[in-house]
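The opening position of the sequence shown corresponds to residue 6 in the working numbering, with each subsequent residue numbered one higher.
We put the CB at the ideal spot given by N, CA and C, even for glycine.
Quick caveat, the model's predicted, so the values are computed rather than measured.
Some notes on the structure that comes next.
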Amino acid sequence: PWSTTVGAGGTAAMAGGARGPPQDNMARACGEGRAPPRQPQPSGRVVVHIDLDCFYAQVEMIRNPELRDKPLGVQQKYIVVTCNYEARKRGVKKMMSVKDAKDKCPQLVLVNGEDLTPYRETSYKVTELLGEFCPLVERLGFDENFVDITEIVEKRLNQLQQSGWSRVGVSGHVYNHQAVNLHDATHVRLVIGSQIAEELRGAIYTRLGLTGCAGVASNKFLSKLVSGTFKPNQQTLLLPESCQDLIRSLDHIQKVPGIGYKTTQRLEMLGVRNVCDLQAFPPAVLEKELGVSAAQRIQKLSYGEDDSPVTPSGPPQSFSDEDSFKKCSSEVEVKEKIEELLPNLVARIHRDGRQPHTIRLTIRQFSTDKWFSRESRQCALPPHLSQKFGKESSNIISPLVDILMKLFRKMIDVDVPFHLTLLSVCFSNLKDLPSSKKGSIGFYLKQMSPPSGSGKREVENVSQGEGSASWDQNCTSTTKTRKLSEEKQSNVKNPGIPDFPFHLSPGDIDQEVFRELPEDIQKEMISENPAEIPPEDIPGGLSACFREGVPGGSPEGHGNPGTSSSVEQPADALNFMGRDLEAGAGQSALRVPVLGKDKEVFETASEEKTSSRQTGIVFPPHVDTKTFYELPADVQKELLAEWKTVAKCDCCRVLTLLSSPSPHSYVCVCVYIFSADKVQK
6 PWSTTVGAGG
16 TAAMAGGARG
26 PPQDNMARAC
36 GEGRAPPRQP
46 QPSGRVVVHI
56 DLDCFYAQVE
66 MIRNPELRDK
76 PLGVQQKYIV
86 VTCNYEARKR
96 GVKKMMSVKD
106 AKDKCPQLVL
116 VNGEDLTPYR
126 ETSYKVTELL
136 GEFCPLVERL
146 GFDENFVDIT
156 EIVEKRLNQL
166 QQSGWSRVGV
176 SGHVYNHQAV
186 NLHDATHVRL
196 VIGSQIAEEL
206 RGAIYTRLGL
216 TGCAGVASNK
226 FLSKLVSGTF
236 KPNQQTLLLP
246 ESCQDLIRSL
256 DHIQKVPGIG
266 YKTTQRLEML
276 GVRNVCDLQA
286 FPPAVLEKEL
296 GVSAAQRIQK
306 LSYGEDDSPV
316 TPSGPPQSFS
326 DEDSFKKCSS
336 EVEVKEKIEE
346 LLPNLVARIH
356 RDGRQPHTIR
366 LTIRQFSTDK
376 WFSRESRQCA
386 LPPHLSQKFG
396 KESSNIISPL
406 VDILMKLFRK
416 MIDVDVPFHL
426 TLLSVCFSNL
436 KDLPSSKKGS
446 IGFYLKQMSP
456 PSGSGKREVE
466 NVSQGEGSAS
476 WDQNCTSTTK
486 TRKLSEEKQS
496 NVKNPGIPDF
506 PFHLSPGDID
516 QEVFRELPED
526 IQKEMISENP
536 AEIPPEDIPG
546 GLSACFREGV
556 PGGSPEGHGN
566 PGTSSSVEQP
576 ADALNFMGRD
586 LEAGAGQSAL
596 RVPVLGKDKE
606 VFETASEEKT
616 SSRQTGIVFP
626 PHVDTKTFYE
636 LPADVQKELL
646 AEWKTVAKCD
656 CCRVLTLLSS
666 PSPHSYVCVC
676 VYIFSADKVQ
686 K
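Structural data, given as structure tokens:
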């Protein structure tokens, strides 16, 4: 129903005619005696701009088909943000107050549109659908998309040339009644583009039930400008020769896409009020006022020149939500409104699957220039909060509110009366979750079951305070070991694990899990641990993450009672500046294994009782022995050498800094010894 046929003569018969200001009116608007405008150079590009009709209202009519034939308005607070065409016929307009809209149309049906979720989801469906036709799709708000169909046009042009053709159908309207010249390659490409635009609109309607307008032109600027010529559910083709007629039909410079409010104000101060003024304005003066880049850009736009590419939007770069109101004048109200905004935002980020690392609060204070008097403050999110996004986030709202209230107090002196009309919360700097699954040795390792009699274990979620040190982003839980009995734990060999070939595997790894490892990884781990003690000689085991590639085993019972052993590094393990590693007064000393040619044997003994098969050096009393056993052999050797020369000191601490292991690599450990007079590495 929208197609017209252009014959060999190149004249399009347009049903109803095409809108376009008459030439004599344009001459008067721009003034007599000015130089003829330059025409934009042919670029070979074909860009479609698709603008969905009364988008919010359409979504509501799809959700509730009974509303389709009724005058419908979508309400946000006290404003009708949009309405369907049935309501527009009766005098209702966008951004009209609810009271005025009801006065105009008492039959108006209002639906609450403050929850943007259904509109957002439908918007992404449209973009995804367009992406099935062409990869170059750029979102512009919820209801607009640019599509660069140049490659599709070229393919169809080649097909037409090979098959032979004498008639080309123009879909929709041609701006300003202009005739199509089939001998002009630019015209032919744009005509084919109009056919593709109609197909895109048809697919959106067939699959999603949405109608929309479209503009077909040689760049983004012109396609957006021409798409609204015929509404609703229609499309318009713009040929190069009519570009100036279209641009000069704009009665004010602010209606030029790409020229915003602030720039308009500065241009008006220079006496520039319409497109003709901008075209004739001296470039040097404009560059001095606006800067070279901005001045050249808007002056090119005034001639219809736009070389900006259609950039695929990809995933959103930020998540934000805002609320506008008549008045908010207390801290309590501000906090309540922030608490109302956060749950929906957190849920959206959870569905996205990425973690934000920056949070921003924007406010608008009441003023005569209220729409443009916004102020913002932002800060980095503490790492422990970023890590909670995408996981269990029920306990994340409260700390986020605290951060946002701190940002609020940086902008507003709460001791002085204030009047806010808007609050906005934005999360940005989105990053993918760190890979802690396949590709890492840790993926294959399971937490070992606690040895018989070694104490009961419980798993709980980690919740760090704001001031806690940051830790590995993958960490989701920590395993706390309750106090062991003071009796010596016997080390019983697990009869369910065969002696060969798994006796060659590192003793700190669950043998059942070792079977599941790829063969090359098994060989690598065995080769890295040639002198490993057999599993039966190791009393207990460490959690998998700590023990990736660690050459020595650490007795489960040798650590301080109550300390954490984690699947991944817990907060308190890195909160090391305040960590007390001091052993009990009566605790027996631990002997360091001799790193000999055969085996490393770890055994708890008193200073008076030493195993006949082991000789070693006594640990300094304030060393975390559990951490020591997790160190590589060469680091252990270095520490032993240092301890021979370093005097025992109550200030001595052993600290470990663990970095996330890369795939199939071992944990990197950096050890620092803090003594009274120096720091040694």
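Following the continuous beta strand (DSSP E) through K332, name the residue where it begins and the one where it ends. Position 327 of the sequence shown, counting from 1, holds the residue named residue 332. 323-333 is the span of the beta strand (DSSP E), which, as asked, contains K332.
How far does the alpha helix (DSSP H) with D629 in it extend, from its first residue to its last? The residue given as residue 629 occupies position 624 in the sequence shown. Careful: D629 lies outside any alpha helix (DSSP H) and carries neither H nor E.
Label D250 either buried or exposed according to how many other C-beta atoms from any shown protein chain fall within 10 Å of its C-beta, with 16 as the threshold for buried. Mapped onto the sequence shown, residue 250 falls at position 245. Flag for D250 reads buried.
With H, G and I counted as helix, E and B as strand and the rest as coil, what does DSSP make of N181? Taking the first residue of the sequence shown as position 1, residue 181 is located at position 176. Looking at N181 - three-state DSSP - the assignment turns out to be helix.
Beta-carbon within less than 7 Å of A202's beta-carbon, same chain only, minus the 5 sequence neighbours each way: which residues are those? Position 197 of the sequence shown, counting from 1, holds the residue named residue 202. Correct list, in chain order: V53, S176, A219, V221, Q240.
Below 7 Å between beta carbons: does that hold for K104 and L113? Against the sequence shown, residue 104 aligns to sequence position 99. Against the sequence shown, residue 113 aligns to sequence position 108. The answer is no: Cβ separation not under 7 Å.
Which complete beta strand (DSSP E) runs does the segment 366-421 hold, if anything under 3 residues is left out? 379-385
Three-state class that DSSP yields for E310 in the structure shown: Position 305 of the sequence shown holds residue 310. Note: E310 maps to coil in three-state DSSP.
Note down the Cα distance separating G470 from D407, rounded to an integer number of angstroms. Within the sequence shown, numbered from 1, the residue matching residue 470 stands at position 465. Within the sequence shown, numbered from 1, the residue matching residue 407 stands at position 402. At G470, the pLDDT of 37 sits below 50, so the modelled position is not reliable; the number obtained from the coordinates is stated separately. In a straight line, the C-alpha of G470 is about 12 Å away from that of D407.
Considering only C-alpha positions, which residue in the set K415, C248, S329, E327 is nearest to L306? Numbered from its first residue, the sequence shown carries residue 306 at position 301. The shortest Cα separation from L306 among K415, C248, S329, E327 belongs to C248.
S318 beta carbon less than 7 Å from that of E143: Mapped onto the sequence shown, residue 143 falls at position 138. Mapped onto the sequence shown, residue 318 falls at position 313. In this structure, S318 lies closer than 7 Å to E143 by Cβ.
Near C59, which residues of its chain fall below 7 Å by C-beta distance, leaving aside the five closest residues on each side in sequence? As a position in the sequence shown, residue 59 is number 54, starting the count at 1. Cβ neighbours of C59 beyond the five flanking positions: T87, C88, N89, Y90.
According to DSSP, F151 sits in a beta bridge with which residue or residues? The residue you call residue 151 lines up with position 146 of the sequence shown. F151 pairs with H54, E143.
Could you tell me which residues DSSP pairs with C218 in its beta bridges? Stepping through the sequence shown from its first residue, residue 218 is reached at position 213. Bridge partners of C218: D56.
Determine, using beta-carbon pairs with one atom in the segment 200-217 and one in the segment 122-136, whether at least three such pairs fall under 8 Å. yes
Tell me which residues share the same chain as A62 and place their Cβ nearer than 7 Å to its Cβ, disregarding the 5 neighbours each side in the sequence. On the sequence shown, residue 62 is found 57 positions in, with the first residue counted as 1. Here the set comprises L77, V79, T87, C88, N89.
Where K260 sits in the DSSP three-state scheme: Residue 260 sits at position 255 when you count from the first residue of the sequence shown. K260 falls in the helix class under three-state DSSP.
Between R369, P320, P237, which has its C-alpha nearest D691's C-alpha? As displayed, the chain neither begins before 6 nor continues past 686, which places residue 691 out of reach and without an answer.
Could you give the first and the last residue of the continuous alpha helix (DSSP H) run that contains V131? Stepping through the sequence shown from its first residue, residue 131 is reached at position 126. Start and end: 122-138.
What number of angstroms, rounded off, separates the C-alpha of G207 from the C-alpha of M416? Position 202 of the sequence shown, counted from the start, is the residue given in the question as residue 207. Position 411 of the sequence shown, counted from the start, is the residue given in the question as residue 416. Going from the Cα of G207 to the Cα of M416 covers about 49 Å.
For F330, count the other beta carbons within 10 Å of its own beta carbon; 16 or more makes it buried, fewer makes it exposed. Which is it? Your numbering for residue 330 matches position 325 in the sequence shown. Burial call: exposed.
Contact belief for E327 with L243 at Cβ below 8 Å, rounded distance in angstroms: On the sequence shown, residue 327 is found 322 positions in, with the first residue counted as 1. On the sequence shown, residue 243 is found 238 positions in, with the first residue counted as 1. That pair is no contact at about 35 Å.
8 Å contact criterion, which Q383 and T363 should meet: CB distance rounded: Within the sequence shown, numbered from 1, the residue matching residue 383 stands at position 378. Within the sequence shown, numbered from 1, the residue matching residue 363 stands at position 358. Sure, about 6 Å apart at Cβ, within 8 Å.
Between R747 and S381, is the Cβ-Cβ spacing less than 7 Å? The shown model of the chain, from 6 to 686, leaves out residue 747, and the question about it has no answer.
In whole angstroms, what is the alpha-carbon distance linking F423 and Q270? For the purposes of this step, residue 423 is taken as residue 418 along the sequence shown, with counting starting at 1. For the purposes of this step, residue 270 is taken as residue 265 along the sequence shown, with counting starting at 1. Distance between the alpha carbons of F423 and Q270: 28 Å.
Reference I258, options E292, N238, K236, C281, closest by Cα: For the purposes of this step, residue 258 is identified with residue 253 of the sequence shown, where counting begins at 1. Looking at the Cα atoms, C281 is the closest of the given residues.
Applying the criterion that 16 or more other CB atoms from any shown protein chain within 10 Å of the CB defines a buried residue, is G118 buried or exposed? By one-based count along the sequence shown, residue 118 stands at place 113. Buried, since its Cβ has 16 or more Cβ neighbours within 10 Å.
Could you tell me which residues DSSP puts in a beta bridge with F432? Locating residue 432 in the sequence shown gives position 427, counting from the first residue. DSSP lists F324, I364 as partners of F432.
If you count every other CB in all the chains shown that lies within 10 Å of the CB of S102, and 16 or more means buried, which is it? Against the sequence shown, residue 102 aligns to sequence position 97. Under this definition S102 is an exposed residue.
Can you tell which of A289, V51, G96, T127 has the C-alpha that lies nearest to the C-alpha of R161? Locating residue 161 in the sequence shown gives position 156, where the first residue counts as 1. The residue with the shortest Cα to Cα distance from R161 is V51.
Roughly how many angstroms separate the alpha carbons of L100 and I84, rounded to a whole number? Stepping through the sequence shown from its first residue, residue 100 is reached at position 95. Stepping through the sequence shown from its first residue, residue 84 is reached at position 79. Residue 100 is actually Met in this sequence, not Leu. Going by the C-alpha atoms only, they are around 6 Å apart.
Just mark Y266 as buried or exposed, buried being the case when its beta carbon has 16 or more other beta carbons within 10 Å. The residue you call residue 266 lines up with position 261 of the sequence shown. Result: exposed.
On the DSSP letters alone, give me the boundaries of the beta strand (DSSP E) that N349 sits inside. Against the sequence shown, residue 349 aligns to sequence position 344. Counting along the chain, N349 falls outside any beta strand (DSSP E), though it belongs to the alpha helix (DSSP H) covering 336-357.
Integer-rounded CB distance, given that G309 should sit under 8 Å from L227: Counted from its first residue, the sequence shown places residue 227 at position 222. Counted from its first residue, the sequence shown places residue 309 at position 304. That belief holds up - the Cβ atoms of L227 and G309 are roughly 5 Å apart, short of 8 Å.
In angstroms, rounded to a whole number, what distance separates the CA positions of P287 and D311? By one-based count along the sequence shown, residue 287 stands at place 282. By one-based count along the sequence shown, residue 311 stands at place 306. The straight-line gap from Cα to Cα measures roughly 20 Å.
Inter-residue spacing [alpha-carbon to alpha-carbon] between D603 and P439: On the sequence shown, residue 603 is found 598 positions in, with the first residue counted as 1. On the sequence shown, residue 439 is found 434 positions in, with the first residue counted as 1. Residue confidence is low: D603 scores 39 on pLDDT, short of 50, so the model does not pin down where it sits. No coordinate-derived value is stated.
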